[in-house]
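Everything on this sheet refers to the single structure shown next.
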Amino acid sequence: MSTHEGFRTRPEHRWPVLIALGVGTGLYAVLPSEASGILRYVVVVVGILCAIPMVVTNPSRLTRDSRIGRVFAIAFTVILLVANQIAFFLLVNQLLQGQGSGASTLLGAAQVWAINVIGYAVVYWEMDRGGPIARRRDARDELPPADFQFPQDSDRDAVSEVARRSSDTEDWAPGYVDYLYFSASNAMAFSPTDVMPLSSRAKLFMMVQAVSGFILLALVIARSVNILN
Numbered sequence: 001m002s003t004h005e006g007f008r009t010r011p012e013h014r015w016p017v018l019i020a021l022g023v024g025t026g027l028y029a030v031l032p033s034e035a036s037g038i039l040r041y042v043v044v045v046v047g048i049l050c051a052i053p054m055v056v057t058n059p060s061r062l063t064r065d066s067r068i069g070r071v072f073a074i075a076f077t078v079i080l081l082v083a084n085q086i087a088f089f090l091l092v093n094q095l096l097q098g099q100g101s102g103a104s105t106l107l108g109a110a111q112v113w114a115i116n117v118i119g120y121a122v123v124y125w126e127m128d129r130g131g132p133i134a135r136r137r138d139a140r141d142e143l144p145p146a147d148f149q150f151p152q153d154s155d156r157d158a159v160s161e162v163a164r165r166s167s168d169t170e171d172w173a174p175g176y177v178d179y180l181y182f183s184a185s186n187a188m189a190f191s192p193t194d195v196m197p198l199s200s201r202a203k204l205f206m207m208v209q210a211v212s213g214f215i216l217l218a219l220v221i222a223r224s225v226n227i228l229n
């Protein structure tokens, strides 16, 4: 039973998502200058400014349902992803034109891919079942319809050692690491793996992420072959 009054299960830690966004911001800040330019400074400054109210409203665990904290978290993610999409198009153009040094361009492509994984994981984390606070606090019958189905949501009829980790038995709820893994799987496999999208918006976000990842990977492989030859 949770030690926090009113919570169905233990509230999620603040730091995994904040650290991930910090890593994403750092990766963007060191992108090749031709892919980020002055936007790198905007992303870093805005990221720091958005992180402050996120920490103030929920410094350790996500126990306070703060509209301000959530707005700044979403703003942080949107700015990072939008800036990263600009870098994506600039890098795709470089790869198509054969511009820039091979190593720098390929490293930049890997950074853009990693930022996409981090950013889309936050999007999935914020949208699913009302967000990270509602998922752990509210009774299941009171939650909004799920956007994603995790394996734990259907494991109650599995063998006992698996069923013990199911949502029904353990009162399990996904955390940011679960969405990060799912985001990375979608970016690499270009399709659902063990987590299934249920809503139209979830499918659209997954489609955009998978298409951009596929384009980047295809062009990186082509450029790598060209460099090796």
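The opening position of the sequence shown corresponds to residue 1 in full-length UniProt numbering, with each subsequent residue numbered one higher. Glycine included, C-beta positions come from ideal geometry on N, C-alpha and C.
Once DSSP output is grouped into helix, strand and coil, what is the label at residue i?
i	result
Arg8	coil
Pro197	strand
Arg61	strand
Phe150	coil
Using the C-alpha atoms, what's the distance from residue j back to residue i?
i	j	result
Asp194	Ile74	26 Å
Ala218	Ile68	40 Å
Gly37	Leu107	16 Å
Asn116	Asp141	32 Å
Val159	Arg165	11 Å
Pro32	Ala110	12 Å
Thr169	Asp157	10 Å
Ala35	Cys50	23 Å
residue 232	Phe190	No answer is possible for residue 232: the residues shown for the chain start at 1 and end at 229.
Tyr28	Ile52	19 Å
Kindly indicate if chain C contains any beta-carbon less than 7 Å away from that of residue i.
i	result
Gln111	Absence of chain C from the displayed structure is noted, only one protein chain being present.
Is the beta carbon of residue i sitting closer than 7 Å to the one on residue j?
i	j	result
Thr57	Arg136	no
Gln97	Thr105	no
Ser183	Ala121	yes
Leu81	Gly119	yes
Leu39	Ala83	yes
Asp147	Met127	yes
Asp171	Val162	no
Tyr176	Pro59	no
Val71	Phe205	no
Mind reading off the beta-carbon distance from residue i to residue j? Whole number of angstroms is fine, and I expect it under 8 Å.
i	j	result
Pro192	Glu12	About 23 Å separates the two Cβ atoms, so there is no contact after all.
Leu198	Ala20	The pair is not a contact, with the Cβ atoms about 24 Å apart (cut-off 8 Å).
Trp113	Ala187	7 Å
Arg129	Leu62	About 14 Å; that fails the 8 Å criterion.
Phe76	Gly47	6 Å
Val43	Ile79	6 Å
* Asked: Where in the region 83–143 do unbroken runs of the alpha helix (DSSP H), each at least 4 residues long, occur, reported from the N-terminal end onward?
  -> Here the runs fully enclosed are 102–127, 132–137.
* **Whole runs of the beta strand (DSSP E) within the region 16–51, excluding any shorter than 3 residues** => Restricted to the region 16–51, not a single beta strand (DSSP E) segment is unbroken, complete and at least 3 residues in length.
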